[in-house]
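A.B. asks:
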Amino acid sequence: MLRGIIFVLFFVVCEFSHAVDSQTLFKISEVESKYGVRAWFVPKNNVPLVFYSFVFKGGGYAYDPKTKLGLAALVVEVLNEGISGTTNRDFVKSLEKIGGKIVYDLGTDDLVVTVSAPKESIRQVIELFCASIAKPKLDDETLSKVKGRQISQLKRDEGDPMSIAKTEFFKVAFPNSGYSNVRWGRVETVGAIKAEDIKAKIVNVFNRINMRIAVLGNTHADDIKSVLDDYLIEFPLTMMEVKKPEQPVFRSSGECISVEKNIPQNVILFGHGGVSPTDKDFYNLVVLNHILGGDGLESLLMQEIRERKGYTYGIYTQLWHSAVNLLFGFATTSNDNAPQVREGILGVLNELKRSGLTSARVEEAKSHLVDMFVLKMDRSTNMLDMLVQMQKEGLGIDYIEKYLEGIRRVKVENLNLFIKNFLNPQSVLFVNVGATVSQSTGAKVCPK
1 MLRGIIFVLF FVVCEFSHAV DSQTLFKISE VESKYGVRAW FVPKNNVPLV FYSFVFKGGG
61 YAYDPKTKLG LAALVVEVLN EGISGTTNRD FVKSLEKIGG KIVYDLGTDD LVVTVSAPKE
121 SIRQVIELFC ASIAKPKLDD ETLSKVKGRQ ISQLKRDEGD PMSIAKTEFF KVAFPNSGYS
181 NVRWGRVETV GAIKAEDIKA KIVNVFNRIN MRIAVLGNTH ADDIKSVLDD YLIEFPLTMM
241 EVKKPEQPVF RSSGECISVE KNIPQNVILF GHGGVSPTDK DFYNLVVLNH ILGGDGLESL
301 LMQEIRERKG YTYGIYTQLW HSAVNLLFGF ATTSNDNAPQ VREGILGVLN ELKRSGLTSA
361 RVEEAKSHLV DMFVLKMDRS TNMLDMLVQM QKEGLGIDYI EKYLEGIRRV KVENLNLFIK
421 NFLNPQSVLF VNVGATVSQS TGAKVCPK
């Protein structure tokens, strides 16, 4: 679920000596059908498939009522079962026969559905997708099956260290908000969900008010217009009133939460407030994140905590964008070294705030970010993901050009001023899952 525009490099060694014009990557155009349905489109005639991604704003699990946690996830499970009056096997075979796929990506705020197929069969796959929404399988047998599957998943998550850490993190960071909801729900809330709840949720999510569309692949504007008017026009322009989750505000005064679990390695999550992609300081944060924990073995955290101290095999940071913005980090370490990893992270952040960055380090990071973006956009699936993220976050059709230019314009003096004003190591929220005390030193991961 941690979604957003994340630019993280693990192991890439490649340098470009020339500046990159966003238009050499891909050109986005807006297509509007006869009946006013709009889509963003990137033609890729060298790709054998056509992709339609539908973003349904407000379809995420943050909108689940507290008494029906897991509702959004259960909707996805039901839709994956196919169309009322047919078997799931028939639905799957129909898709396989025409080379089609329907993939659901449930996030905190939104639901994204990506439909793909060869050009000659894309309309048939979209028709199957629309039919599953219009006539979902809500019989008792199907509901019992999908509820059982979802309860099994949530029980697995309850024992998974990373899932435990994420749940605790968001519970502390966003108390009493939909952003602390558990994706799969609880056994009792999933059990309480009825067929009419799922039907109402489907009606409320799958409508044109909240829908954004991105298209990529071997197709043309006229074909897209035809698809939009033949199928998407059926989506309603009305919806029931839905209670929106409380606007999240990252609340942390440096809490450290430790969850005892008998596992060979500790999992540590840490987070700090972030910056919106529409904020003027966003590009400063992108460069900062890359240098801090996004530059693979060369990042400050990897150099200090892995290379110099040998406390971890991996520690990374990334930017998370939703209704809230975070600078988010992750590390794994031996049980004995968990206290030192937390202290090491705070040490790097304090030194960064105190001393700032050199001009050479900043220029290298900027060049790397631009080059990495070009490499990333060489893949069609990454292009499509980018279009979807731009639409989810309302960034505008020219955002790619703005992003590249924004990175290039970052100046070391402005970045260091931003770091001094923005970075607050004392506010970092830590969640540790595993041993709570080092067996060799007796030190606690969370000293208070």
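Counting along the sequence shown from 1, when you hit position 448 you're at 448 in the UniProt record's numbering, and nothing is skipped either side.
Cβ coordinates follow ideal geometry from the N, Cα and C atoms, glycine included.
1. Taking only three categories from DSSP, how would you classify I98?
2. Quick check on T67: buried or exposed, where buried means 16 or more other Cβ atoms within 10 Å of its Cβ?
3. Does DSSP classify K119 as helix, strand or coil?
4. Taking three-plus beta-carbon pairs below 8 Å as touching, is the segment 54-61 in contact with the segment 209-221?
5. Using a 10 Å radius around the Cβ and a threshold of 16 neighbouring Cβ atoms, would you call D279 buried or exposed?
6. So for L375, helix, strand or coil by DSSP?
7. Are the beta-carbon atoms of I419 and R361 separated by less than 8 Å?
8. For F373, which of Q391, L300 and R408 has the nearest alpha-carbon?
9. Hey, would you say L369 sits closer than 8 Å to L288, going by beta carbons?
10. I believe P248 touches F174 by the beta-carbon criterion, under 8 Å. Please report the beta-carbon distance rounded to the nearest angstrom.
11. Pull up the DSSP beta-bridge partners for V267, would you.
12. Taking its Cβ as the centre, do 16 or more other Cβ atoms sit within 10 Å of A365, making it buried, or is it exposed?
13. Can you name the residues that DSSP bridges to D110?
14. In angstroms with no decimal places, state the Cα-to-Cα distance between V50 and K199.
15. Check Y399 in the structure and name its three-state DSSP category.
16. Would you mind working out which of F235, I268 and G273 sits nearest S163, comparing C-alpha positions?
17. Measuring alpha carbon to alpha carbon, tell me which residue in V412, V92 and S322 is nearest T358.
18. Anyone know if the C-beta pair for M377 and M383 falls short of 8 Å?
19. Report the rounded CA-to-CA distance for N204 versus L346, giving the unit in angstroms.
20. Per DSSP, H321 forms a beta bridge with which residues?
21. Would you grab the beta carbon distance between G434 and P161 for me? Rounded to a whole angstrom, and I think it's under 8 Å.
22. Let me make sure I understand the geometry here. Which of V125, S180, V103 and Y313 has the alpha-carbon closest to that of Y63?
23. Across which residues does DSSP place E32 in a beta bridge pair?
24. As a quick exercise: from D371, E158 and N350, pick the residue whose alpha carbon is nearest that of N421.
25. May I ask you to report which of helix, strand or coil DSSP gives I213?
26. For C256, which beta-bridge partners are listed by DSSP?
27. Ordered along the chain, which non-local residues of its own chain (more than five positions away) have a Cβ less than 7 Å from that of D21?
28. For N88, which residues from the same chain have a beta carbon less than 6 Å from its beta carbon, with the 5 sequence-adjacent residues on both sides left out?
29. Which residue wins for smallest C-alpha separation from S252, given the options P425, A72 and G148?
30. Give a yes or no on whether the C-beta atoms belonging to I98 and V227 are separated by under 8 Å.
31. Who are the near neighbours of N325 in its chain, counting only those whose CB is closer than 6 Å to its CB and skipping five residues on each side?
32. Taking its Cβ as the centre, do 16 or more other Cβ atoms sit within 10 Å of Y35, making it buried, or is it exposed?
33. Based on Cα-Cα distance, which residue from S438, L106 and Y283 lies nearest to S406?
34. Is the beta carbon of V187 closer than 8 Å to that of I151?
35. Tell whether a beta-carbon distance below 8 Å holds between V445 and S322.
36. Mind checking H220: buried by the 16 CB within 10 Å criterion, or exposed?
C.D. replies: Taking the definition as stated:
1. Three-state DSSP puts I98 in coil, outside helix and strand.
2. Burial is judged here by how many other beta carbons sit within 10 angstroms of a residue's own beta carbon; T67 has fewer than 16 and is exposed.
3. Three-state DSSP puts K119 in a helix.
4. Yes: the two stretches touch, three or more of their Cβ pairs being nearer than 8 Å.
5. Flag for D279 reads exposed.
6. Residue state, collapsed to three classes: helix.
7. Contact: no.
8. Measuring from the Cα of F373, the nearest candidate turns out to be R408.
9. No, these two residues do not count as a Cβ contact at 8 Å.
10. The Cβ separation is near 5 Å, so the contact holds.
11. Partner(s): T332 and V433.
12. So A365 counts as buried.
13. Answer is K57.
14. Cα atoms of V50 and K199: separation of roughly 29 Å, rounded to the nearest angstrom.
15. The answer is helix: DSSP assigns Y399 an H, G or I state.
16. The residue with the shortest Cα to Cα distance from S163 is I268.
17. Of the candidates V412, V92 and S322, the one whose C-alpha sits nearest the C-alpha of T358 is V412.
18. Yes, the pair counts as a contact, with Cβ atoms nearer than the cut-off.
19. So the two alpha carbons sit approximately 44 Å from each other.
20. For H321, which the question treats as bridged, DSSP gives the partners N325.
21. The Cβ separation is near 7 Å, so the contact holds.
22. Ranking the options by Cα distance to Y63, first place goes to S180.
23. In the DSSP output, where bridge partners are listed per residue, E32 has R38.
24. Between N421 and the set D371, E158 and N350, the nearest pair of CA atoms involves N350.
25. Of the three classes helix, strand and coil, the one that applies to I213 here is strand, per DSSP.
26. C256 is bridged to F430.
27. Caution is warranted here: a pLDDT of 49 is assigned to D21, below 50, making its placement in the model unreliable, and no coordinate value can be reported.
28. Cβ-Cβ distances below 6 Å link N88 to E81 and G82 in the same chain, with the five nearest sequence neighbours on each side left out; the list follows chain order.
29. Among P425, A72 and G148, the Cα nearest to that of S252 is on P425.
30. For I98 and V227, no; Cβs fall outside 8 Å.
31. Annotation for N325: G274, V275 and S276 place their beta carbon closer than 6 Å to its own, counting only its chain and skipping 5 residues before and after.
32. Within a 10 Å sphere around the beta-carbon of Y35 sit fewer than 16 other beta-carbons, which makes this residue exposed.
33. Note that residue 406 is Gly in the sequence shown, not Ser. Per the Cα distances, Y283.
34. Contact annotation: I151 and V187 have beta-carbon atoms nearer than 8 Å.
35. No, they are not a contact pair.
36. So H220 counts as exposed.
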